[in-house]
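Participant:
Number of protein chains: 2
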Amino acid sequence: MIDRQHLAILREVSRRGSVTAAAEKLNVTQSALSHTIAKFEERHGIKIWMKTGRGLRLTQAGEYLLTVAERVLPQMEHAQRVLTDFALGRRGALRVGMECHPCQRWLTRIATPYLTQWPDVDFDVRTAFRFDGIEALLGYEIDLLITPDPVETPELLFTPVFDYELVLMVHEAHPLAGQVRVQPQDLLDEELITVPVTLERLDIYTRFLVPANCRPRQHRTAETIDLMLQLVCAGRGVTVLPDWLLQEDASRLPIRALRLGDSGIQKSINLGVRRGEETTSYIDGFLKLARQRER
Amino acid sequence: MIDRQHLAILREVSRRGSVTAAAEKLNVTQSALSHTIAKFEERHGIKIWMKTGRGLRLTQAGEYLLTVAERVLPQMEHAQRVLTDFALGRRGALRVGMECHPCQRWLTRIATPYLTQWPDVDFDVRTAFRFDGIEALLGYEIDLLITPDPVETPELLFTPVFDYELVLMVHEAHPLAGQVRVQPQDLLDEELITVPVTLERLDIYTRFLVPANCRPRQHRTAETIDLMLQLVCAGRGVTVLPDWLLQEDASRLPIRALRLGDSGIQKSINLGVRRGEETTSYIDGFLKLARQRER
DNA sequence: CAATCATTATGATTCTCACTCATGAGTAAA
DNA sequence: TTTACTCATGAGTGAGAATCATAATGATTG
Chain W
1 MIDRQHLAIL
11 REVSRRGSVT
21 AAAEKLNVTQ
31 SALSHTIAKF
41 EERHGIKIWM
51 KTGRGLRLTQ
61 AGEYLLTVAE
71 RVLPQMEHAQ
81 RVLTDFALGR
91 RGALRVGMEC
101 HPCQRWLTRI
111 ATPYLTQWPD
121 VDFDVRTAFR
131 FDGIEALLGY
141 EIDLLITPDP
151 VETPELLFTP
161 VFDYELVLMV
171 HEAHPLAGQV
181 RVQPQDLLDE
191 ELITVPVTLE
201 RLDIYTRFLV
211 PANCRPRQHR
221 TAETIDLMLQ
231 LVCAGRGVTV
241 LPDWLLQEDA
251 SRLPIRALRL
261 GDSGIQKSIN
271 LGVRRGEETT
281 SYIDGFLKLA
291 RQRER
Chain U
1001 MIDRQHLAIL
1011 REVSRRGSVT
1021 AAAEKLNVTQ
1031 SALSHTIAKF
1041 EERHGIKIWM
1051 KTGRGLRLTQ
1061 AGEYLLTVAE
1071 RVLPQMEHAQ
1081 RVLTDFALGR
1091 RGALRVGMEC
1101 HPCQRWLTRI
1111 ATPYLTQWPD
1121 VDFDVRTAFR
1131 FDGIEALLGY
1141 EIDLLITPDP
1151 VETPELLFTP
1161 VFDYELVLMV
1171 HEAHPLAGQV
1181 RVQPQDLLDE
1191 ELITVPVTLE
1201 RLDIYTRFLV
1211 PANCRPRQHR
1221 TAETIDLMLQ
1231 LVCAGRGVTV
1241 LPDWLLQEDA
1251 SRLPIRALRL
1261 GDSGIQKSIN
1271 LGVRRGEETT
1281 SYIDGFLKLA
1291 RQRER
C-alpha cells in the first residue's frame, strides 16, 4: 500500500536532492529511508530510484509517484491545518436553532460581529426542526438553541441572555386599548393571532387562558412577526409578543401593549448548548457576544 | 500526522456504519481501530467520533476528515493501480531516440499500431541529444535508440531490424547518372549534401572518401530528407541516402541511385535498449512490432 | 593517481508501537 | 429481565521500523 510516508520521502528526496538530506529533514536516519523505499520496491515489484554515481535517479515509476506526492501531500497537509483549527476551536459549524420567532432581529445583531470574529466558522440558522428545538439540540441537528422555554437536563446547559415580558398587542382604537392590563375573560370575544405552533407551546394558552379555562373567539396564525403586527394595525385581531418589540421599530405603530393578568407573563430568552460544548471556543464566543448585547 | 490508515478507517466506518464491521473489512480487530482512532484523537487533541447508544456519531472534525478521505483515498488508490501497471510493464514512457534521419517514415508506420496496442505508454520521439544517441541511451535520456551505428557494450543491447545499402543519389541528367557505381574520385568535383552531423558520423566519409583520401568539391548540409532530395532534383548537388528511399515516394523523381564503390556500403538499422530492459513488456512490444514490419 | 570525501546499500540489533486478547460498560432488543 | 450487540480499555506480544556500523561506489582533490 502507498502510504503518506512513502510520498513524503519521495518528495523530500526530490526537493533536497539526496536521501541523506531528506532523512535529516524528516528526522530519521538515511538508513531508515533507504530501507523503507527498498521494502516498498520489493512489495510492489518495482524500482523507485537507482543509484547513479553518488546520487540517485528516479525511475519512471518514481517520477510518477513524485507527481502523486506533489498533488496529494498538500491536500493532507491542508487537512492537518484544518484539524488543528478544529482542535483550537477556531473552526467549526455553529448551527443555531431558533424557537423564538421575534428574536430574528436580535440574532441578526449578534451574527454580524460574530461572523467577522470567527471567519472560519460556518454559521447556519434553522427554524424548522423535526420535533422541537430541544430534540434538535440533543440529536445534533443544531449546536445552539435560542429558546424562551429552556428544559434543564443533564445533557443540556442553558444560559439566560435577557428577560422580557409577554404583552398583549392591540390596536390603539381597540376597546381594550384604554386598560393597563387584561384578564383572560377579556379575550373571550377576540381573534387571537399567534405563530403557527401547537397550543402547548404558546404561553398565552398554557399560562393565561387555560388556567382560567378561557378561549378566544377565534385563533389564527401568521408566519412572521411583521405580518402579525400588520394584522393588529389593521384591527384584524390581537396578538401576544415580547414587550420590547414596541420599543423598537414598532414604537410608532398605532398599537398599545397591555399586561397579561396582574403580574404579567415574565419570560427570558435562553441559549442552550450541549453540556461540555460550552467551552468550545467558537461556541463560547457566541455566548459571550450574546451576553454583551443583551437586547 | 494524518495517515492513509486513519482516512481509510474513517471511510470504512462511515460506509459500514460500525467499527466492528469496518474492522472486519480492513482485516483487523475492532479493538485495533478503536485504539488507532483514540490515539489519533489524543495526538490532535480532538474528538473524531462519539459513542451514542450502541453506535457512533462523527463529530464535526470527523465529518470533515471523512470528506478528506473521500477525496484523497481514491487518488491514492488510482496511484496504486498505476504503479501496478508500471510493475507489470503495461505502463511507462517509451522515449525513442532517432539517429537515422530517413527512418522517420518507417517509425511512423510502427508508431501507429504501437500507440493503439499500448494506450497507457507515453510515446515520445527525440532526434536531438546532448551528445550522441548511445550517450543518451546510457544517460537515460531515451529508452530506445534507432541507429544505423550500433555500439555493443555490456550495458546495451542492439537488435537489427532491416538491412539496406547507402547509395549515391544524383539527378538523372547528371554526368555520373549513366554509371552503375561510383568511385571516391568521382566525387572530387561534386557538391555533397548531407544531414548536419559531424563528418565522423557520416559513412560516406568514414567508409568511402577518407580511406581513399578524397574530398568533395563542396559540402553543404540540409535539415530534412525531403529538402535533400529536392536539392538533388534541382541539380544542386549529390547526396547519400538509403537505397529504399527511391523505392518509395521518391520512385518517380528524376533521380538515379549509384552504388558506392565496388561492393557498396551495406548498413542495417538497429534498435538499442539498455540491457535488462528488453524484457519490459512495453519495450518488448515495440521491438516485436519493429521486427514484424521490417521496412 | 592515491587519498579523501560524500553518497547510498545492507546486515545485525534494538526497540517502538500497532495489534490482539480479554474484559468492561453501555444500550437496544427480545 | 435477560440477551445480544456495540464500543472502550488495559495488558501483553510480536512484527516491523529505526538505528548503528560498515561496505561499496563514485566524485573530488592535492
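Top to bottom, those sequences are chains W and U. If you count the first sequence from 1, position 51 lands on 51 in this note's numbering, and the numbers rise without skipping. Convert by adding 1000 to the 1-based position in the second sequence; the result is the number in this note's numbering. Just so it is clear, CB atoms sit at the ideal spot from N, CA and C, and this is done for glycine as well.
According to the neighbour-count rule (16 or more other Cβ atoms, all chains shown, within 10 Å of its Cβ), is U:D1186 buried or exposed?
Facilitator: U:D1186 comes out buried.
Participant: Need the endpoints of the beta strand (DSSP E) that W:S268 sits in, please.
Facilitator: Run containing W:S268: I265 to R274, per the beta strand (DSSP E) assignment.
Participant: When the Cα of W:T224 is compared with those of W:A212, W:E77, W:P211 and W:V197, which residue comes out closest?
Facilitator: Of the listed residues, the one whose Cα sits closest to W:T224 is W:V197.
Participant: Can you check the region 44 to 126 of chain W for any alpha helix (DSSP H) of at least 4 residues that lies completely inside it and give the ranges in chain order?
Facilitator: For the region 44 to 126 of chain W, whole alpha helix (DSSP H) runs of length 4 or above, ordered along the chain, are 60 to 88 and 104 to 117.
Participant: Can you tell me the Cβ-Cβ gap for W:D143 and W:V273, rounded? I've got them flagged as a contact below 8 Å.
Facilitator: About 7 Å; that satisfies the 8 Å criterion.
Participant: On the premise that W:G285 lies in contact with W:Y114, defined as a C-beta separation below 8 Å, what is that separation, rounded to the nearest angstrom?
Facilitator: Correct: roughly 7 Å between the Cβ atoms.
Participant: Give me the Cα-Cα distance between U:A1173 and U:V1180, rounded to the nearest whole angstrom.
Facilitator: So the alpha carbons of these two residues sit roughly 14 Å apart.
Participant: Using 10 angstroms around the beta-carbon of U:M1050, count the other beta-carbons present and answer buried if the total reaches 16, otherwise exposed.
Facilitator: U:M1050 should be labelled exposed.
Participant: Over what stretch of residues does the alpha helix (DSSP H) that includes W:H219 continue unbroken?
Facilitator: W:H219 -> not in any alpha helix (DSSP H); beta strand (DSSP E) instead, spanning Q218 to T221.
Participant: Round the Cβ separation of U:H1176 and U:L1260 to the nearest angstrom and send it over; I've been treating them as touching at under 8 Å.
Facilitator: His is not the amino acid found at residue 1176 of chain U; the sequence shown has Leu there. Actually they do not touch by this definition, with Cβ atoms about 11 Å apart.
Participant: Along the beta strand (DSSP E) that carries U:L1193, what are the first and last residues, could you check?
Facilitator: For clarity, residue 1193 of chain U is Ile in the given sequence; the question names Leu instead. Segment E1191 to T1194, the beta strand (DSSP E) holding U:I1193.
Participant: For W:D3, return the contacting residues in chain U, with the cut-off set at a CB-CB distance below 9 Å.
Facilitator: Going along chain U in sequence order, the residues near W:D3 (Cβ under 9 Å) are D1003, R1004, Q1005 and M1076.
Participant: Checking 7 Å against the spacing of the C-beta atoms, do U:E1135 and U:D1243 come in under that value?
Facilitator: Contact: no.
Participant: Taking only beta-carbon positions, decide if U:V1072 is within less than 7 Å of chain W.
Facilitator: Output row for U:V1072: interface = yes.
Participant: Would you say U:G1062 reaches chain W, if we count a Cβ-Cβ gap shorter than 7 Å as a contact?
Facilitator: No, U:G1062 lies away from the interface with chain W (no Cβ there is under 7 Å from its Cβ).
Participant: List, in chain order, every chain U residue whose beta-carbon is nearer than 8 Å to that of W:I334.
Facilitator: Since the first residue shown for chain W is 1 and the last is 295, residue 334 of chain W is missing from the structure and cannot be characterised.
Participant: Below 7 Å between beta carbons is the criterion; list the residues of the region 1094 to 1116 of chain U that meet it against any residue of chain W, in chain order.
Facilitator: Within the region 1094 to 1116 of chain U, no residue has a Cβ that lies closer than 7 Å to any Cβ of chain W.
Participant: With a floor of 4 residues, list each alpha helix (DSSP H) that falls wholly inside the region 131 to 192 of chain W, ordered by position along the chain.
Facilitator: Listed in chain order, the complete alpha helix (DSSP H) runs (minimum 4 residues) inside the region 131 to 192 of chain W are 133 to 138.
Participant: Quick check: is the beta carbon of W:V121 nearer than 7 Å to any beta carbon in chain U?
Facilitator: Chain U contact via Cβ: absent.
Participant: Between which two residues does the beta strand (DSSP E) harbouring W:I283 extend?
Facilitator: Taken as a continuous stretch (DSSP letters only), W:I283 belongs to no beta strand (DSSP E), being part of the alpha helix (DSSP H) at S281 to Q292.
Participant: Kindly indicate the opening and closing residues of the alpha helix (DSSP H) around U:T1020.
Facilitator: U:T1020 -> alpha helix (DSSP H) spans V1019 to K1025.
Participant: With H, G and I counted as helix, E and B as strand and the rest as coil, what does DSSP make of W:A128?
Facilitator: Note: W:A128 maps to coil in three-state DSSP.
Participant: Which residue comes first and which comes last in the beta strand (DSSP E) that contains W:I255?
Facilitator: Here the beta strand (DSSP E) through W:I255 covers I255 to L260.
Participant: For U:P1211, which of helix, strand or coil comes out of DSSP?
Facilitator: Here U:P1211 sits in helix by DSSP.
Participant: For the region 146 to 175 of chain W, which residues have a beta carbon sitting closer than 7 Å to at least one beta carbon of chain U?
Facilitator: Those residues of the region 146 to 175 of chain W that come within reach of chain U (Cβ to Cβ, closer than 7 Å) do not exist; the list is empty.
Participant: Name the chain U residues whose beta carbon is nearer than 8 Å to that of W:L65?
Facilitator: Within 8 Å Cβ-Cβ: A1079 and L1083.
Participant: Taking only three categories from DSSP, how would you classify W:L241?
Facilitator: Here W:L241 sits in strand by DSSP.
Participant: Taking W:G45 as the reference, which of U:R1081, U:G1053, U:I1048 and U:R1275 has the closest Cα?
Facilitator: Of the candidates U:R1081, U:G1053, U:I1048 and U:R1275, the one whose C-alpha sits nearest the C-alpha of W:G45 is U:R1081.
Participant: Under a Cβ-count criterion, where at least 16 other Cβ atoms within 10 Å of its own Cβ denotes burial, should U:T1116 be classed as buried or exposed?
Facilitator: Exposed, by the Cβ-count rule.
Participant: For the alpha helix (DSSP H) that contains U:L1231, what are its first and last residues?
Facilitator: Counting along the chain, the alpha helix (DSSP H) containing U:L1231 begins and ends at I1225 to C1233.
Participant: Determine the chain W residues that contact U:V1273 at a beta-carbon separation under 8 Å, and present them in chain order.
Facilitator: Simply none; closest approach about 14 Å.
Participant: Any beta carbon from chain W within less than 7 Å of U:V1028's own beta carbon?
Facilitator: So no, U:V1028 is outside the interface.
Participant: When the distance is taken between beta carbons, is W:L188 closer than 7 Å to W:V240?
Facilitator: No, they are not a contact pair.
Participant: So, W:P148 versus W:I269, is the Cβ gap smaller than 7 Å?
Facilitator: Yes, the Cβ-Cβ distance between W:P148 and W:I269 is below 7 Å.
Participant: I want to see whether chain U comes within less than 7 Å of W:G53, judged by CB atoms only; does it?
Facilitator: No, W:G53 lies away from the interface with chain U (no Cβ there is under 7 Å from its Cβ).
Participant: Could you tell me whether the Cβ atoms of W:V121 and W:V170 are closer together than 7 Å?
Facilitator: Against a cut-off of 7 Å, the Cβ pair of W:V170 and W:V121 comes out as no contact.
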